[in-house]
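So the structure is just underneath, and the comments pick up after that.
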Amino acid sequence: MRPLSAKQQAAKTARRTCPKCGSVRDHIVYGRCGPCQVQEQEERQALQARTCWKCRRVSLAPFRRGQEEQDRCTPCWVLWQLQKQFEAERLAVWRRTCPGRDCNAVTATDDEIAAVRADPANRVGWVPRWCPPCAERDARERAEQQRAREESQRQAEEHRRRRVAELVDWAQTLVDDPTVVVLDSETTGLEEDARIVDLAVYSMGGDVLLDTLIDPGVPIPAESTDIHGITNQMTTGAPSFSDVLPRLTEVLEGRRCLIYNKSFDVGRLRHELTVHHQQAGVSDPAAAAAAWSSRQHFEDVMLPYSEWFGDWSDFWGNYAWQPLCGGDHRALSDCRAVVDLLKGMARQVHAETV
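Numbered by numbering that gives the first Met the number 0, the letters in the sequence shown go through residues 0 to 353 in order.
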């Protein structure tokens with residue numbers, strides 16, 4: 000084997016030299032050599048032995064490590080003893096004093112307390128005794144609180160019954176009026192600029208006033224097709240919203256129009272109206288869309304139905320919104336599902352009380 004050059008030998012020596020003590024070891028030194036690491040650990044332990052764990056003051060000599068000292072410095076140890084003494088005195092006063100509000104009557108002696116606590120059959124410990132006046136007052140206050148809770152519960156139940164009856168009457172009024180219509184739409188998504196692809200208006204009397212696919216003018220996302228089943232091929236050649244708008248305006252004229260989750264469908268209608276007026280060259284298309292919407296008599300069904308259903312949510316602080324059951328996510332089918340839902344409300348199929 001060829002001997003190392005002077006440069007190689009110097010590099011080898013540098014790798015084996017401890018940067019702290021300067022000793023050359025027979026192995027490569029990473030960070031510190033073994034003896035230096037042991038020395039540093041001993042120094043840390045010695046410093047820890049002289050450091051108060053409470054105030055972190057460093058003493059000249061190590062603290063005693065008995066159970067009572069707990070590695071405290073003298074000031075911290077004295078404070079700890081005073082705190083223990085104060086807590087023991089406070090606990091002794093609590094045990095022999097009536098727990099009544101603003102009462103300082105002594106209801107037991109220290110000897111009585113010690114005898115009860117020393118009894119091996121006692122598994123509860125010591126519970127402070129009430130003085131007769133405080134015991135009577137506490138019983139009276141508890142009875143009053145119980146009566147208040149019962150009265151509050153009774154009022155809540157009565158309010159719930161009245162509200163359910165009002166909602167049932169509301170549903171019955173709608174079911175009995177054949178001129179009331181239900182509107183539903185299917186869209187390309189849930190975004191604010193989602194386009195309508197399916198629109199239906201169904202009367203409470205069972206007449207289909209409008210049922211048409213609509214060409215949205217944009218591709219229908221696959222995830223939306225998975226929900227309502229409407230594909231791009233199905234809307235090809237279908238009328239645009241502008242083509243359907245005259246008929247929609249006609250069937251809604253002067254009628255109460257019910258929508259399940261009104262805020263969503265009305266928002267999509269306003270967007271379609273805005274696009275329609277933009278294409279028509281209206282100077283303020285948003286205002287024109289709002290004006291059309293203001294002439295309609297839209298009413299939400301989801302919120303009253305959810306309140307009638309009675310599934311209270313502590314998280315929302317209100318009744319949880321209920322999904323529309325019975326439809327297949329097509330506009331006309333969902334309209335019929337809303338009619339069936341209202342008929343169910345009117346028949347009190349699922350009237351809830353608190």
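Just so it is clear, CB atoms sit at the ideal spot from N, CA and C, and this is done for glycine as well.
Check: On the three-state DSSP scale, how would you describe ILE229?
Finding: In the sequence shown, counting from the first residue as 1, residue 229 sits at position 230. Assigned with DSSP and collapsed to three states, ILE229 falls in coil, not helix or strand.
What's the gap between the Cα of GLY21 and the Cα of ALA9? For this step, residue 21 is matched to residue 22 along the sequence shown. For this step, residue 9 is matched to residue 10 along the sequence shown. Each residue's Cα considered, the two are about 14 Å apart.
Straight-line Cα distance separating THR50 from VAL57: On the sequence shown, residue 57 is found 58 positions in, with the first residue counted as 1. On the sequence shown, residue 50 is found 51 positions in, with the first residue counted as 1. As the crow flies, the alpha-carbon of VAL57 is around 4 Å from that of THR50.
request  = Assign TYR259 to one of three DSSP states: helix, strand, or coil.
outcome  = Start at 1 with the first residue of the sequence shown, and residue 259 comes out as number 260. Of the three classes helix, strand and coil, the one that applies to TYR259 here is coil, per DSSP.
VAL361 (DSSP reduced to helix, strand or coil)
No information on residue 361 is available, as it lies outside the stretch 0 to 353 that the chain covers here.
Exercise. Using the beta-carbon count (16 or more within 10 Å), is ASP333 buried or exposed?
Worked result: Along the sequence shown, read from residue 1 onward, the residue named residue 333 stands at position 334. When all chains shown are included, ASP333 counts as buried.
If you drop the 5 nearest sequence neighbours on each side, which residues of the same chain put their C-beta closer than 6 Å to that of LYS261?
Stepping through the sequence shown from its first residue, residue 261 is reached at position 262. Excluding positions up to five away in sequence, the list reads PHE297 and ASP299.
Checklist entry - Of all the options GLU143, CYS72, ASN103 and ALA319, which has the alpha carbon lying nearest to the alpha carbon of PRO132? => result Within the sequence shown, numbered from 1, the residue matching residue 132 stands at position 133. Among GLU143, CYS72, ASN103 and ALA319, the Cα nearest to that of PRO132 belongs to ASN103.
Report yes if the CB atom of TRP129 is closer than 8 Å to the CB atom of ASP137, and no otherwise.
Start at 1 with the first residue of the sequence shown, and residue 129 comes out as number 130. Start at 1 with the first residue of the sequence shown, and residue 137 comes out as number 138. Taking a C-beta distance under 8 Å as the contact criterion, TRP129 and ASP137 qualify as a contact pair.
### Message
According to DSSP, simplified to helix, strand and coil, what is HIS328?
### Response
For the purposes of this step, residue 328 is identified with residue 329 of the sequence shown, where counting begins at 1. Of the three classes helix, strand and coil, the one that applies to HIS328 here is coil, per DSSP.
Q. Anyone know if the C-beta pair for ASP310 and TYR318 falls short of 8 Å?
A. Indexing the sequence shown from 1 puts residue 310 at position 311. Indexing the sequence shown from 1 puts residue 318 at position 319. The criterion of a C-beta distance shorter than 8 Å is satisfied by ASP310 and TYR318.
DSSP state of TYR304 mapped onto helix, strand, coil: As a working mapping, residue 304 is identified with position 305 in the sequence shown. Three-state DSSP puts TYR304 in a helix.
Whole alpha helix (DSSP H) runs in the stretch 60-122 with 4 or more residues, listed along the chain? Counting whole runs of 4 or more residues, the stretch 60-122 contains the alpha helix (DSSP H) stretches 73-95 and 109-117.
- Query: Going by C-alpha distance, which of GLY316, ALA170, ARG153 and GLN82 is nearest VAL181?
  - Reply: Position 182 of the sequence shown holds residue 181. Nearest option by C-alpha distance: ALA170.
**Message:** Between the alpha carbons of LEU323 and VAL338, how many angstroms are there, rounded?
**Reply:** Here residue 323 is taken as the residue at index 324 of the sequence shown, counted from 1. Here residue 338 is taken as the residue at index 339 of the sequence shown, counted from 1. Rounded to the nearest angstrom, the two C-alpha atoms are 11 Å apart.
Fill in: Helix, strand or coil at THR12 according to DSSP, with G and I counted as helix
What you label residue 12 is simply residue 13 of the sequence shown in a count that begins at 1. Of the three classes helix, strand and coil, the one that applies to THR12 here is helix, per DSSP.
Does the beta-carbon of ILE27 have 16 or more other beta-carbons within 10 angstroms, so that it is buried, or is it exposed?
Stepping through the sequence shown from its first residue, residue 27 is reached at position 28. Exposed.
Should SER239 and ASP214 be called a contact, given that it needs their Cβ atoms to be closer than 8 Å? In the sequence shown, residue 239 corresponds to position 240, counting from 1. In the sequence shown, residue 214 corresponds to position 215, counting from 1. A contact, by the Cβ cut-off of 8 Å.
Three-state secondary structure (DSSP) at VAL37? As a first step, residue 37 must be located in the sequence shown, where it is residue number 38. In this structure, VAL37 counts as helix in the three-state DSSP scheme.
Exercise. Run through DSSP, which three-state label would THR211 get?
Worked result: Here residue 211 is taken as the residue at index 212 of the sequence shown, counted from 1. Strand, per DSSP.
*asked:* Going by beta-carbon coordinates alone, are VAL250 and LEU189 separated by less than 8 Å?
replied: Working through the sequence shown from its first residue, we reach residue 250 at position 251. Working through the sequence shown from its first residue, we reach residue 189 at position 190. Taking 8 Å as the cut-off, the beta carbon of VAL250 is found no closer than this to the beta carbon of LEU189.
**Start and end residues, beta strand (DSSP E) containing CYS297** = By 1-based counting over the sequence shown, the position of residue 297 is 298. Correcting the residue type first, residue 297 is Phe in the shown sequence and not Cys. Note, PHE297: beta strand (DSSP E), 296-299.
| Inter-stretch contact at 8 Å, needing at least 3 Cβ pairs: the stretch 196-211 / the stretch 282-295 | With a cut-off of 8 Å, the stretch 282-295 and the stretch 196-211 do not count as touching, because too few Cβ pairs lie within range.
How many Å lie between GLN40 and GLY33 at the Cα? As a first step, residue 40 must be located in the sequence shown, where it is residue number 41. As a first step, residue 33 must be located in the sequence shown, where it is residue number 34. Rounded to the nearest angstrom, the two C-alpha atoms are 11 Å apart.
(Q) On the CB-based measure, 16 or more other CB atoms within 10 Å of its CB, does VAL37 come out buried or exposed? (A) As a first step, residue 37 must be located in the sequence shown, where it is residue number 38. With fewer than 16 neighbouring CB atoms inside 10 Å of its own CB, VAL37 falls in the exposed class.
- Inter-residue Cα distance where the pair is ILE229 and SER151: In the sequence shown, residue 229 corresponds to position 230, counting from 1. In the sequence shown, residue 151 corresponds to position 152, counting from 1. Straight through space, the alpha carbons of SER151 and ILE229 are spaced by roughly 51 Å.
*DSSP puts LEU182 in a beta bridge; with which residues?*
Reading the sequence shown from its first residue, position 183 is the one you call residue 182. Its beta-bridge partners are VAL200.
(request) Measure the C-alpha to C-alpha separation of ARG14 and ASP70 and round it to an integer number of angstroms. (result) Translated into the one-based positions of the sequence shown, residue 14 becomes position 15. Translated into the one-based positions of the sequence shown, residue 70 becomes position 71. Going from the Cα of ARG14 to the Cα of ASP70 covers about 42 Å.
Looking at the structure shown, is THR50 part of a helix, part of a strand, or coil, going by DSSP?
-> Locating residue 50 in the sequence shown gives position 51, where the first residue counts as 1. DSSP places THR50 in strand when its eight states are reduced to three.
For HIS158 and ALA147, the rounded distance between their alpha carbons:
For this step, residue 147 is matched to residue 148 along the sequence shown. For this step, residue 158 is matched to residue 159 along the sequence shown. Distance between the alpha carbons of ALA147 and HIS158 is about 16 Å.
- Alpha-carbon spacing of LEU81 relative to ALA48, whole angstroms: One-based indexing of the sequence shown puts residue 81 at position 82. One-based indexing of the sequence shown puts residue 48 at position 49. Their Cα atoms are separated by approximately 24 Å.
In three-state terms, what does DSSP make of TRP291?
Taking the first residue of the sequence shown as 1, we reach residue 291 at position 292. In the three-state reduction of the DSSP assignment, TRP291 falls in the helix class, which pools H, G and I.
Notebook entry, point to check: Considering only residues of the same chain and omitting the five flanking positions on each side of ALA120, which have a CB-CB separation below 6 Å?
Noted result: Position 121 of the sequence shown, counted from the first residue, corresponds to residue 120. Beyond the five residues adjoining it in sequence on each side, ALA120 comes within less than 6 Å, by CB distance, of no other residue in the same chain.
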